[in-house]
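Heads up: the protein sequence lines correspond to chains A and B, in order. Mapping of the first sequence onto this note's numbering: position 39 corresponds to residue 39, and the numbering continues sequentially without gaps. Mapping of the second sequence onto this note's numbering: position 103 corresponds to residue 1103, and the numbering continues sequentially without gaps. All residues carry an ideal CB built from backbone N, CA and C; glycine is no exception. So the structure is just underneath, and the comments pick up after that.
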Amino acid sequence: MTLRVVSLVVAALVTTLAACGERPQTATGPQKKLDSAVSDGANNAYLAPGWKTGDATSWEQQMRKRAQGQDEYSRIAGGS
Amino acid sequence: MARMKFICDAERCIECNGCVTACKAEHDVPWGVNRRRVVTMNDGVPGERSISVACMHCSDAPCMAVCPVDCFYRTDEGVVLHDKDVCIGCGYCSYACPFGAPQFPTNGTFGLRGKMDKCTFCAGGPEAHGSEAENEKYGRNRLAEGKLPSCAEMCSTKALLGGDGDVVADIFRNRVLVRGKGSEVWGWGTAYGKPTSGNTPAAQPGGAKS
């Protein structure tokens, strides 16, 4: 009888405390890195001349100038 | 703030594949991966049209929405980029993309699918601008060098325009007015919104062709 009671108590304890040793299993995958502003400039020797690195306004002007270079009408004198 | 966009003028594209070659060479893109390609509609039929297609860096990018590991991000200039260290190469983005932009290199002997690769608008990735690591993973970062995408700058007929949306839209609008036709812009509506939202560069009539 005593053995049965003890067995029941042990079984109850095992069942109740089983989760206590469980470790959190929340997945923590790699986090995406933060990109820096393009106007900071590339750290190489191929920078286009005519703009200042770190200056966002200067970079935007450079981009506009460069984009306008795709318009042949603006290159032709007297063109529309 | 500049908002980077591509426009491909189907009236001008001569299917020379110069943009494809420029992209391949600039970024040392591996065999089997095409960040940009030229698509011809009604090939061989009078009036056929060709367009150069790549990632359009959509305003509301579906690839960003479906990515299960959230590896995409959008820069201040509106360029949609991704972190290859986070990408798991699942391919969801390729199903979601209306332009078929995401590409997957085959890795290893058994042709395992590698991490996604796509047009970066020549803006590299999250690594330091112009660094060796960035160049190896994403290709060259021309934007940080003060240059526009290689494909657009190399286009011999200037069919492919890339740069600040306002500027390229003005260039295209002027062209349409001069030639009096060909105001349709393939993919513009899908990528940047419908014509009614006021985003179309097209002159009257026509408008964006989704």
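Asked: Test item: CB-CB of residue 1188(B) and residue 1051(B) under 8 Å; Found: no
Asked: Residue closest to residue 1049(B), alpha-carbon to alpha-carbon, out of 1021(B), 1073(B), 1016(B) and 1024(B); Found: 1016(B)
Asked: Length of the line joining the Cα atoms of residue 1059(B) and residue 1121(B); Found: 14 Å
Asked: Contained alpha helix (DSSP H) runs [length at least 4] in the region 1074-1146 of chain B, N- to C-terminal order; Found: 1092-1096 and 1132-1138
Asked: Endpoints, alpha helix (DSSP H) assigned at residue 1170(B); Found: 1165-1179
Asked: Interface flag, residue 64(A) vs chain B, CB-CB below 8 Å; Found: yes
Asked: 7 Å Cβ cut-off: residues of chain B touching residue 68(A); Found: 1167
Asked: Residue environment, residue 73(A), which counts as buried when at least 16 other CB atoms sit within 10 Å; Found: exposed
Asked: Cβ shell of residue 1138(B) (< 6 Å), same chain only, five flanking positions each side left out; Found: 1120, 1124 and 1125
Asked: Cβ-Cβ distance between residue 38(A) and residue 1109(B) below 8 Å; Found: no
Asked: C-alpha gap between residue 14(A) and residue 27(A), whole angstroms; Found: 27 Å
Asked: Buried/exposed call for residue 59(A), threshold 16 Cβ in 10 Å; Found: buried
Asked: Residue 1077(B): contacting residues in chain A (beta-carbon distance under 7 Å); Found: 38
Asked: Below-8 Å beta-carbon distance, residue 1052(B) vs any chain A residue; Found: no
Asked: Proximity test, Cβ basis, 8 Å: residue 30(A) and chain B; Found: yes
Asked: Cβ separation of residue 1023(B) and residue 1159(B), assumed to be a contact under 8 Å, to the nearest whole Å; Found: Contact doesn't hold; Cβ gap of about 15 Å is too wide.
Asked: Chain B contact residues for residue 48(A), given Cβ-Cβ distances below 7 Å; Found: 1145, 1146 and 1147
Asked: Status (buried if at least 16 other CB within 10 Å, exposed otherwise) for residue 24(A); Found: exposed
Asked: For residue 1186(B), the three-state DSSP class (helix, strand or coil); Found: strand
Asked: Runs of beta strand (DSSP E) wholly within the region 1023-1059 of chain B (minimum 3 residues, chain order); Found: 1037-1041 and 1049-1053
Asked: Residues in the region 1025-1043 of chain B having any Cβ partner in chain A nearer than 7 Å; Found: none
Asked: Beta carbon proximity, residue 13(A) to chain B, threshold 8 Å; Found: no
Asked: Beta-carbon gap between residue 66(A) and residue 1163(B) smaller than 8 Å; Found: yes
Asked: DSSP beta-bridge partners of residue 1161(B); Found: 1007(B)
Asked: For residue 1069(B) and residue 1087(B), the rounded distance between their alpha carbons; Found: 7 Å
Asked: Presumed contact (8 Å Cβ cut-off) between residue 1064(B) and residue 1080(B), rounded CB distance; Found: 7 Å
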